[in-house]
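Undergrad:
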Amino acid sequence: MAAPRQTALERQYSLLGLMLIAPTVLVFCAVIVYPLVSAIYLSLFSVFTPTLQGGWVGLENYRSLLGSGEFWVSLRNNLVWTAGTLALQVLFGVGMALVLHQNLWFRSLARSLILFPYFVSTVVAVLVWKWVFNDLYGILNHVMMAAGIIDWPVDYLGTMPNAMISIILVGAWKYFPFVVIAVLARLQTIPEPLYEAARIDGAGPVARFFDITLPQLREVLVVIVLLRAIWDFKEFDLIYLMTGGGPVIATQTLPLLVYKEAFALNRMGMAAAYAVVMMAIMLVFMVLYIRRTRERRP
Amino acid sequence: MSLTRSSSGGITRRGALKGLAATSALAALPIGARAQSATTLRWWSPQAAPAQLEAYQAQIASFEALHPGIKVVFEKTSDEGYAPQLAAAFASGDVPDVVTHLPSFSVQTYYANGLIEPFDEVIEAIGVDNYYPGANEVFRTPDGKHCATGIGNSAANALWVRRDLMADAGIGKIPETWDELRAACQAMQKGGIFGAPLPYGRNGMTSLIFIGFIHQAGGQVFTPDLQIALDSEATRNALEFYRSMRELCPPGATNYSWGESLTAFVSGATATGIYTGRVLVNVRDQNPGLADQITCATYPRIATDVAPWTFNDFASVFIPAQSKNKDAAKLFAAYIFDPPGYIKQLHAAPGHVLPVLRTIGENPAYLDNDIIRKYSAEVELMSAAAAGGYNLGYESAAHQSNAKAGEIIAAHPIADMVQRVVLNGDSMDAAIGDAVKAIDAIMKA
């Protein structure tokens, strides 16, 4: 049976619909599809960054990067940094949110101040922390030596594992307020009768936390972990400014490697190949995030 | 009330129409023609200490007064950051019109890739005879032209010492060999003061300074025809010495670059220093108590029969080929060397940036500076050392110009080699082998 023919009015509506959606599609193509396709296309060339001149090399850049030890070391560093800083952010964030959820007399002030690390510019934060860690003038070494904990200044940023631990701690300090905000918002919506019922049943603070608070926070924590994992995985400025990826390449993550390839070695094609691989890894987090947020919809 | 007003009252209808016609004509002018009437030059430099900025602004003001149609805007970059910033600028086509104080080896890299305008016209305008002999050799290109000119020399690896600490430690003369230097640093390292602020960071300073150590051991990174010569006994000796100095440097030297190394000596945290003449002005301004105690020499070498090797980055002036205002840029580039402004610029960091023009070096106005007078012996020593200085792009007078030197420094294979041997305890053979491979890949790219 032939499909019923559209009336003139229906065709006009269809056209109108296409016209209405066209700007969104165009913007999407301009800001998402075009850069994505450009990056993949660029990764198939050997390109000298300053002149953007180069030739087709096909998959050679990918073969080269997968065969290079530096890629795997950087990926490992990336995972260590992401997992370490994320775990501390969640730990500090949930802990601080629980404290700020209590009826404290300075609660309003504390809730404002807690956001400070998140809002302060990364450059400023790194400068402050580099002074704190400084071997000659840093307060951390000074206090520890005065307290007799150490006899000699500790090199926090130039040796391993100190350098990785230091950037993980600074990363956790910088980004844990995001967790505080999100968790605090959720804490305020947990029905109070749940806690009252638990108290009547004889549940102590620890039991109430594990049996009521944590299950109620589960959804928001999953979203926080996925979002922060994506953001931490592609962190560049904090690590670059703190250690530059050193010592040797012990704190060099994939974004730093992309930067080095593009602007130190002037190999834009290879940098694009690293970026595409990085994007593929991040895609895993993004798919998980999208699936998770879809599941929450009624 | 009438639309036509008297001339005494201001605007007439005819006048208004003329004005409208003039405005329309102006709007109809091509963009290029309008831009010509208000050319803006962008000037980039990594040398931008407050006193230098003040000198630049004075030069800009006097240039703009002479050329009312040209405006100059200064934009700061940095020693560690200029390479990526310029790479991005070249790639986007949004380039500065004049760039100063970049090392000669980077400029040669850009010229080899067609990114730099030949500079001979500007050198002619400045006056070829005004330069010290051979001052522009480092900027000579394979096609017989010049890619830039020098704006200043520097002796970047001068050894700075404190006479008071030397006297306390019973050291009679400034070290000339590595053994003497190590012994002196060991004797002076006490009371919270470290021996030396050598850089062990993963950065350009470590690479550039360590290349000096290779030469001070009698070695070289490349042969004169640019074959890699890093895998040598001299490199091993240099690494061995550099490793032995680690315990005489502050713990944080593993992250030191130029600023940290300078500050360590100027603040009194180390007994010796390794830097240009900027030490002089910083000591005067930040730690005047040391002003009468400091002096400098060429950096020690493995033995006295090896000639000293001074690292001079040959700070340059060049014009990117993509500049849309080349004529105005050339005019301004030549004006930078106009004596009053150039001397003010040199006085902003006396002893740090040394003149490339003989006529300036002998100019009484240049010599009339409290630091240059007080430290005349040091300034003279650094001037002579810098004039005979070299860098990775120009390792000796016999070497071909190395257009890949900038990329080698930016990619850190030499700093990585130092870090692996000194910090990680890796075998020298493996670290040198990997550095050779990395440099070879850059040379062949």
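First to last, the protein sequences are chains E and L. Using this note's numbering, the final residue of the first sequence is 299, and nothing's skipped along the way. Using this note's numbering, the final residue of the second sequence is 470, and nothing's skipped along the way. Positions of the beta carbon are idealized from the N, C-alpha and C atoms, including for glycine.
#1: Can you find the residues in the same chain that come closer than 7 Å, C-beta to C-beta, to I196 (chain L), ignoring five residues on each side of it along the sequence?
#2: Alpha carbon to alpha carbon, what distance is there between D459 (chain L) and G70 (chain E)?
#3: Find the residues of chain E that neighbour G298 (chain L), judging by a C-beta separation of less than 7 Å, and give them in chain order.
#4: Would you kindly work out how many angstroms separate the C-alpha atoms of W153 (chain E) and L37 (chain E), rounded to a whole number?
#5: E373 (chain L) to A180 (chain L), Cα distance in whole Å?
#6: Using a Cβ-Cβ distance cut-off of 8 Å, determine whether I467 (chain L) contacts chain E.
#7: Taking the alpha helix (DSSP H) that K469 (chain L) falls in, what are its first and last residues?
#8: Since K96 (chain L) and S70 (chain L) are thought to touch, with beta carbons under 8 Å apart, how far apart are those beta carbons, to the nearest angstrom?
#9: Rounding to the nearest angstrom, what Cα-Cα distance links F93 (chain E) and A173 (chain E) in this structure?
#10: Do I396 (chain L) and L305 (chain L) have their beta-carbon atoms positioned less than 8 Å apart in this structure?
#11: Which chain L residues are close to V249 (chain E), counting only those with a beta carbon under 8 Å from its beta carbon?
#12: Helix, strand or coil for Y136 (chain L)? Go by DSSP, reduced to three states.
#13: Which of helix, strand or coil does DSSP assign to K101 (chain L)?
#14: On a CA-only basis, which of L:E205, L:Q318, L:D338 is nearest A160 (chain L)? Give me that one, please.
#15: Which same chain residues, not among the five before or five after I148 (chain L), have their C-beta less than 7 Å away from its C-beta?
#16: Straight-line CA distance for L141 (chain E) to I115 (chain E)?
#17: Which stretch, first to last residue, makes up the beta strand (DSSP E) that contains G175 (chain L)?
#18: Using the beta-carbon of each residue, which ones in chain E are nearer than 8 Å to L140 (chain L)?
#19: Would you kindly work out how many angstroms separate the C-alpha atoms of T329 (chain L) and W203 (chain L), rounded to a whole number?
#20: Looking at the unbroken beta strand (DSSP E) that takes in V124 (chain L), where does it start and where does it end?
#21: Evaluate contact between the region 196-211 of chain E and the region 109-123 of chain E, counting only Cβ atoms and requiring at least three cross-stretch pairs below 8 Å.
#22: Taking C-alpha atoms, which residue in L:N155, L:A440, L:Q318, L:H240 lies nearest to I327 (chain L)?
#23: Can you tell me whether P130 (chain E) is buried or exposed, with buried defined as 16 or more other CB within 10 angstroms of its CB?
#24: What would DSSP say about F336 (chain L), mapped onto helix, strand or coil?
#25: Alpha carbons only, please: which of L:N388, L:K355, L:K349 is nearest the one belonging to Y367 (chain L)?
#26: Under 8 Å Cβ to Cβ from F179 (chain E), same chain only, skipping five residues before and after it: list those, please.
#27: Sort out for me which residues DSSP pairs I253 (chain L) with in a bridge.
#28: Since I believe F234 (chain E) is in contact with N283 (chain E) (beta carbons under 8 Å), could you give me their beta-carbon distance rounded to a whole number of angstroms?
#29: Could you give the first and the last residue of the continuous beta strand (DSSP E) run that contains W185 (chain L)?
#30: Just curious, the alpha helix (DSSP H) that Y415 (chain L) is in, first and last residue?
#31: Is Y157 (chain L) helix, strand or coil by DSSP?
#32: Can you tell me whether H143 (chain E) is helix, strand or coil according to DSSP?
#33: Determine the direct distance from the alpha carbon of L43 (chain E) to that of N449 (chain L), and round the result to whole angstroms.
#34: Give, in chain order, every unbroken run of the alpha helix (DSSP H) that is at least 4 residues long and sits entirely within the region 175-211 of chain E.
#35: Chain E partners of E432 (chain L), CB-CB under 8 Å?
#36: Does F115 (chain L) come within less than 8 Å of chain E when only Cβ atoms are used?
TA: So, to answer that:
#1: For the purposes of this step, residue 196 (chain L) is identified with residue 171 of the second sequence, where counting begins at 1. Taking C-beta separations shorter than 7 Å and ignoring five residues to either side along the sequence, the partners of I196 (chain L) in its chain run A209, A212, following chain order.
#2: Within the first sequence, the letter at position 69 stands for residue 70 (chain E). Within the second sequence, the letter at position 434 stands for residue 459 (chain L). For G70 (chain E) and D459 (chain L), the distance between alpha carbons rounds to 12 Å.
#3: For the purposes of this step, residue 298 (chain L) is taken as the residue at position 273 of the second sequence. Per Cβ cutoff of 7 Å: no residues; G298 (chain L) is ~14 Å from chain E at best.
#4: To locate residue 153 (chain E), count along the first sequence from 1; it is residue 152. To locate residue 37 (chain E), count along the first sequence from 1; it is residue 36. The straight-line gap from Cα to Cα measures roughly 50 Å.
#5: Locating residue 373 (chain L) in the second sequence gives position 348, where the first residue counts as 1. Locating residue 180 (chain L) in the second sequence gives position 155, where the first residue counts as 1. Note that residue 373 (chain L) is Ala in the sequence shown here, rather than Glu. Cα atoms of A373 (chain L) and A180 (chain L): separation of roughly 17 Å, rounded to the nearest angstrom.
#6: Against the second sequence, residue 467 (chain L) aligns to sequence position 442. Under the Cβ criterion of 8 Å, I467 (chain L) is counted among the residues facing chain E.
#7: Residue mapping note: residue 469 (chain L) aligns to position 444 of the second sequence, counting from 1. Segment 453-469, the alpha helix (DSSP H) holding K469 (chain L).
#8: Within the second sequence, residue 96 (chain L) is the residue found at index 71, counting from 1. Within the second sequence, residue 70 (chain L) is the residue found at index 45, counting from 1. Contact between K96 (chain L) and S70 (chain L) is absent: CB atoms are separated by about 17 Å, not below the 8 Å threshold.
#9: Residue 93 (chain E) sits at position 92 when you count from the first residue of the first sequence. Residue 173 (chain E) sits at position 172 when you count from the first residue of the first sequence. Cα to Cα, the separation comes out at about 8 Å.
#10: What you label residue 305 (chain L) is simply residue 280 of the second sequence in a count that begins at 1. What you label residue 396 (chain L) is simply residue 371 of the second sequence in a count that begins at 1. Closer than 8 Å, so yes.
#11: In the first sequence, residue 249 (chain E) corresponds to position 248, counting from 1. Near V249 (chain E) (Cβ distances below 8 Å), the residues of chain L are R227, D441, Q444, R445, L448, N449.
#12: Locating residue 136 (chain L) in the second sequence gives position 111, where the first residue counts as 1. Residue state, collapsed to three classes: helix.
#13: By 1-based counting over the second sequence, the position of residue 101 (chain L) is 76. In the three-state reduction of the DSSP assignment, K101 (chain L) falls in the strand class, which pools E and B.
#14: The count along the second sequence starts at 1 and reaches residue 160 (chain L) at position 135. Cα-wise, what sits closest to A160 (chain L) is L:D338.
#15: Taking the first residue of the second sequence as position 1, residue 148 (chain L) is located at position 123. Taken in chain order, the residues that qualify are N161, H171, T174.
#16: Here residue 141 (chain E) corresponds to residue number 140 of the first sequence, with the count starting at 1. Here residue 115 (chain E) corresponds to residue number 114 of the first sequence, with the count starting at 1. In a straight line, the C-alpha of L141 (chain E) is about 22 Å away from that of I115 (chain E).
#17: Position 150 of the second sequence holds residue 175 (chain L). Segment 174-177, the beta strand (DSSP E) holding G175 (chain L).
#18: Here residue 140 (chain L) refers to the residue found at position 115 of the second sequence. Correct list: P51, T52.
#19: If you number the second sequence from 1, residue 329 (chain L) lands on position 304. If you number the second sequence from 1, residue 203 (chain L) lands on position 178. Roughly 10 Å separates the two Cα atoms.
#20: Translated into the one-based positions of the second sequence, residue 124 (chain L) becomes position 99. Element bounds for V124 (chain L): 123-125.
#21: no
#22: Taking the first residue of the second sequence as position 1, residue 327 (chain L) is located at position 302. With distances taken between Cα atoms, I327 (chain L) lies closest to L:H240.
#23: As a first step, residue 130 (chain E) must be located in the first sequence, where it is residue number 129. The sequence shown places Trp at residue 130 (chain E), not Pro. Buried is the call here.
#24: As a working note, residue 336 (chain L) is residue 311 in the second sequence. In the structure shown, F336 (chain L) sits in a strand (DSSP, three-state: E or B).
#25: Counted from its first residue, the second sequence places residue 367 (chain L) at position 342. The shortest Cα separation from Y367 (chain L) among L:N388, L:K355, L:K349 belongs to L:N388.
#26: To locate residue 179 (chain E), count along the first sequence from 1; it is residue 178. Around F179 (chain E), the same chain offers Q90, G94, Y119, I225, R229 as residues with beta carbons nearer than 8 Å, after the five sequence neighbours per side are excluded.
#27: By 1-based counting over the second sequence, the position of residue 253 (chain L) is 228. The partner list for I253 (chain L) (beta bridge, DSSP) reads L:F247.
#28: Taking the first sequence and counting its residues from 1, the one referred to as residue 283 (chain E) is at position 282. Taking the first sequence and counting its residues from 1, the one referred to as residue 234 (chain E) is at position 233. Here residue 283 (chain E) turns out to be Met, not Asn, going by the sequence shown. Indeed, because the Cβ distance is near 6 Å, the residues count as touching under 8 Å.
#29: Taking the second sequence and counting its residues from 1, one reaches residue 185 (chain L) at position 160. For W185 (chain L), the uninterrupted beta strand (DSSP E) segment begins and ends at 183-187.
#30: Counted from its first residue, the second sequence places residue 415 (chain L) at position 390. Careful: Y415 (chain L) lies outside any alpha helix (DSSP H) and carries neither H nor E.
#31: Start at 1 with the first residue of the second sequence, and residue 157 (chain L) comes out as number 132. In this structure, Y157 (chain L) counts as coil in the three-state DSSP scheme.
#32: Indexing the first sequence from 1 puts residue 143 (chain E) at position 142. H143 (chain E) falls in the helix class under three-state DSSP.
#33: In the second sequence, residue 449 (chain L) corresponds to position 424, counting from 1. In the first sequence, residue 43 (chain E) corresponds to position 42, counting from 1. Rounded to the nearest angstrom, the gap between the Cα atoms of N449 (chain L) and L43 (chain E) is 36 Å.
#34: 193-201, 206-209
#35: The residue labelled residue 432 (chain L) in the question sits at position 407 within the second sequence. At a C-beta separation below 8 Å, E432 (chain L) has these neighbours in chain E: A265, L266, N267.
#36: Within the second sequence, numbered from 1, the residue matching residue 115 (chain L) stands at position 90. Judged by the 8 Å Cβ criterion, F115 (chain L) is in contact with chain E.
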